[in-house]
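Scroll down for the structure; my scribbles are underneath it.
Chains as they are written, first to last, in the numbering used here: chain A, 110 to 482; chain B, 511 to 1091.
Spelled out as structure tokens, the structure:
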């Protein structure tokens, strides 16, 4: 028994070291060259923060019938907890990690060596450098102010974020608890980071300079006022979507949610629309990352999945990108035309999340939110 | 000490045997429960995490982080457990001791609410009582024109009601099992002596069922204070936090050490309450009610109040079982949750994958992930029921037979501990504990064994506590006679204690099975893609907005639970005299 296990460990370490050697080589291989190796591996496991992985799975298995893609829909926050636990246990379950929550991902997963970068050579020249490093972004996702366009046919009922702190919006602003979903804490953090703009738009609306009333910054003052104005917290973005978007409401609330959830308007009976013109900004836009596990069990198939997720050479990226080629998601590949129904990225006023900066004060903003509820 | 003083040779063996048994049980419990929790405590004492203690207890955040949630938690625990014992006790009394109409039906229905996951009940509450505070969809009642105030739609009141309707059936199960074993000699003697019903209730039944009442109250208290789903769903829109929602939130945003500190404090507070309850029980001398003799007493004749009391029972049971089940089933057919009773489709059950429906997710019978999760879940339920009841029997036997001494007290306290640890914290502790290799043992992360071990430990209070109320009542005299005739410990356990306590054990096994297959909080972190369980799969669908799949899976969980109950009942008919006419 002991002899056997020693042999096993020996064999495993040899296998692991050859895999590690091969990895460097794999990074430069094309999809065609990866395919036979990937077929030999036969299976690949993906952790994804979006349920759309189900459609990716079907499309991938149609394109590569010899490889079984196991897609798992796990929220970013939970992926981080899971990947850390798995690393601690010395277990690698996932080959590919598809995740948002970059401020935490960079510090907790990348710096700790739990995940690593991979950019398919095929598209390397068609993704801006800022979206290749430190990790490859497949697309940009959002948390922005949305309103009900059925009840407000002439456009957003709000033009300045500070209106949300006035009596008119008392008890009528809704979002997910920032202490339960990292994306929303990132949004609050960004508002604090943009305090100068918040101060300027305060003066614009109320005609006087902002009185911080004990708060350190205009951003913090805004968050405090928003909470004091009976802000409603729910536990998932779909609750926000339903509250804001449901058809047939006389006086619907507004709320912070994903712009791309507008794609479900028809199926769910919603009328969600983004309040893009609100000043200083409707919210945040942040990258959705694709990365490799540190030592994936299926290194070739894992790279093939990332290659697939970045879209093929057809005009809108083909089946791999189809689930993400929707209004409100911004694909990072420069050669893919923007979705015709969405506000073009250049005109989209959401703040671009700066993961490193956000990471520095994120915990403090979390504490602030904590004192308010 | 008393044992040692009686220094006959037989006595000395008795003393030693008790000690050996206690040490074995203690070792098992320490390995299952104390070590993982200890790791959690040690985690918060590292130099970089120790400030979490001052943040939680004294810093500027402490009011919101700890003291306010603490207040809410205690209100929930006290009120829910009080009402659970009242309602559960009332129903148990009706079913076991009176001639109320449809006793059997009431008896079966009263065990059902516990099998409905509490998050499903909370969702069903929202479907009915939701007002327009959160905008979006309003509940059915508001839709009918009723004006539902905030206090009835959100926050403390609905949380109390939903949790009471969930946990009272736990109290019912425990109290009914105890009532059914009340020695008929006592009751008959009282009746012959001319005592009235009320006098018999206060003078005989209440005193001898005290352990069951306290056990029921403690379990409901512990369940209510660590419940996460209900306060999270109903409390969040009015920003009501409990210690468990706070703990979850902290771990979710990566402030693990603060989360663990809150978890540890939650353990200590609930521990104090349960310790007090335990004192009440162990201060009394004997609760032996099943002895070698005795039959059934006559039932109380309710006379004119038969039907009014029946109506009260039916109202409670309808609210706790029928209504949520209808809502669950309806929403597994309705494509839009906005209109629950329109455009029904079977797609979520039997549909093939289609790109324009639910993002290509096939109906659950065509869904390989769900089928696999079903198999794993069933296997897990059976395995944990067996291991849980084995350890539970050993523990409850030891504590009941060798009640005195610090070791027994320690065993009792430790076996309670998991109750006070919110499932998600327990799961996290287990990953820290068995996730990495220990010496020669491999890491268990992602294995079936880890789920079984953690499930066994987590649900031990249920197996121990249910077994205990019954085992305490198995008269020591029978076992003693066997011991005098030379039967060994195992022989006595297998031939006397187990057969006499089999109802309690089966009930315990049943509770454990049902609890593990619909548990979410524990497995949500232990779950790995290779080892999926139904509740987590359902939760994922719910959180991604596919409520129909989630509800369809919940209906399956419900069916399995009900099936398990019915089978268990059938197996137990012999030992369920209270259901006989």
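Just so it is clear, CB atoms sit at the ideal spot from N, CA and C, and this is done for glycine as well.
Going by the CB atoms, is the gap between residue 933 (chain B) and residue 1107 (chain B) shorter than 9 Å? Here chain B covers residues 511 to 1091 and nothing more, so residue 1107 (chain B) does not appear.
Chain B contacts from the region 282-293 of chain A (Cβ-Cβ distance under 7 Å): 283, 286, 288, 289, 291
For residue 925 (chain B), count neighbouring C-beta atoms within 10 Å of its own C-beta (all shown protein chains included) and say buried if the count is 16 or more, exposed if not. Classification of residue 925 (chain B): buried, given that the 10 Å Cβ count is 16 or more.
Given that residue 1040 (chain B) touches chain A, what residues does it touch there, using C-beta distances under 9 Å? 154, 179, 202
Which residue from B:786, B:574, B:746, B:674 puts its Cα closest to that of residue 827 (chain B)? B:674
Host beta strand (DSSP E) of residue 107 (chain A) (start-end): Missing from the structure shown is residue 107 (chain A); chain A here goes from 110 to 482 and no further.
Residues, ordered as in the chain, of the region 263-282 of chain A that lie near chain B by beta-carbon distance below 8 Å: 280, 281
Report the residues of the region 557-579 of chain B with a CB closer than 7 Å to any CB of chain A, ordered along the chain. 570, 571, 574, 575
For residue 719 (chain B), does the count of other Cβ atoms within 10 angstroms reach 16, so buried, or fall short, so exposed? Label assigned to residue 719 (chain B): buried.
Near-chain A residues of the region 734-762 of chain B (beta-carbon distance less than 8 Å), N- to C-terminal order: 742, 743, 746, 747, 749, 751, 758, 759, 760, 761, 762
Within the 9 Å Cβ cut-off, does residue 953 (chain B) reach chain A? yes
Please identify, using Cβ separations under 7 Å, the residues of the region 917-944 of chain B that lie next to chain A, in order along the chain. 941
Can you tell me which residues form a DSSP beta bridge with residue 284 (chain A)? A:342
Span of the beta strand (DSSP E) around residue 157 (chain A): 152-157
Please identify the residue among A:459, A:423, A:432 whose C-alpha is closest to the C-alpha of residue 446 (chain A). A:423
Could you spell out where the beta strand (DSSP E) holding residue 998 (chain B) opens and where it closes? From DSSP, residue 998 (chain B) is part of no beta strand (DSSP E); its letter is neither H nor E.
What does residue 344 (chain A) touch in chain B if you count any residue whose Cβ is under 8 Å from its own? 742, 743, 746
Mind checking if residue 191 (chain A) is an interface residue toward chain B, Cβ cutoff 9 Å exclusive? yes
Report yes or no: do the region 1020-1040 of chain B and the region 955-975 of chain B share at least 3 C-beta pairs separated by less than 8 Å? A contact between stretches requires three or more CB pairs, one per stretch, nearer than 8 Å, and the region 1020-1040 of chain B meets this requirement with the region 955-975 of chain B.
Consider the Cβ of residue 309 (chain A): report whether some Cβ of chain B lies at a distance smaller than 9 Å. no
To the nearest angstrom, how far is the alpha carbon of residue 474 (chain A) from that of residue 236 (chain A)? 32 Å
Closest by CA to residue 894 (chain B), which one among B:756, B:1021, B:533, B:1066? Distance check between residue 894 (chain B) and each of B:756, B:1021, B:533, B:1066 places B:1021 closest, using alpha-carbon atoms only.
Between the alpha carbons of residue 1018 (chain B) and residue 903 (chain B), how many angstroms are there, rounded? 10 Å
Would you call the region 297-316 of chain A and the region 351-358 of chain A touching, i.e. three or more CB-CB distances under 8 Å? No, they do not touch.
Residue 382 (chain A) (DSSP reduced to helix, strand or coil): strand
Note down, in chain order, each residue of its chain lying with its Cβ closer than 6 Å to the Cβ of residue 182 (chain A), except the 5 sequence neighbours on either side. 157, 160, 162
Residue 481 (chain A) versus residue 285 (chain A): straight-line alpha-carbon distance, rounded: 15 Å
For residue 871 (chain B), which residues in chain A fall below 7 Å Cβ to Cβ? 163
Consult DSSP for residue 178 (chain A) and reduce its assignment to one of helix, strand or coil. Looking at residue 178 (chain A) - three-state DSSP - the assignment turns out to be strand.
Check whether the region 961-981 of chain B touches the region 818-825 of chain B, taking contact to mean three or more Cβ pairs, one atom from each stretch, closer than 8 Å. no
N- and C-terminal bounds of the alpha helix (DSSP H) containing residue 331 (chain A): Residues 327-337.
May I ask which residues mark the beginning and end of the beta strand (DSSP E) holding residue 395 (chain A)? 392-402
Cutoff 9 Å: residue 765 (chain B) Cβ touching any chain A Cβ: yes
Given a cut-off of 9 Å on the beta-carbon distance, is the pair residue 337 (chain A) and residue 311 (chain A) in contact? For the 9 Å CB-CB criterion, residue 337 (chain A) and residue 311 (chain A) do not form a contact.
Which runs of the alpha helix (DSSP H) spanning at least 4 residues fall entirely within the region 729-800 of chain B, listed in chain order? 739-745, 753-762, 766-792
From residue 896 (chain B) to residue 227 (chain A), what does the alpha carbon distance come to, in whole angstroms? 47 Å
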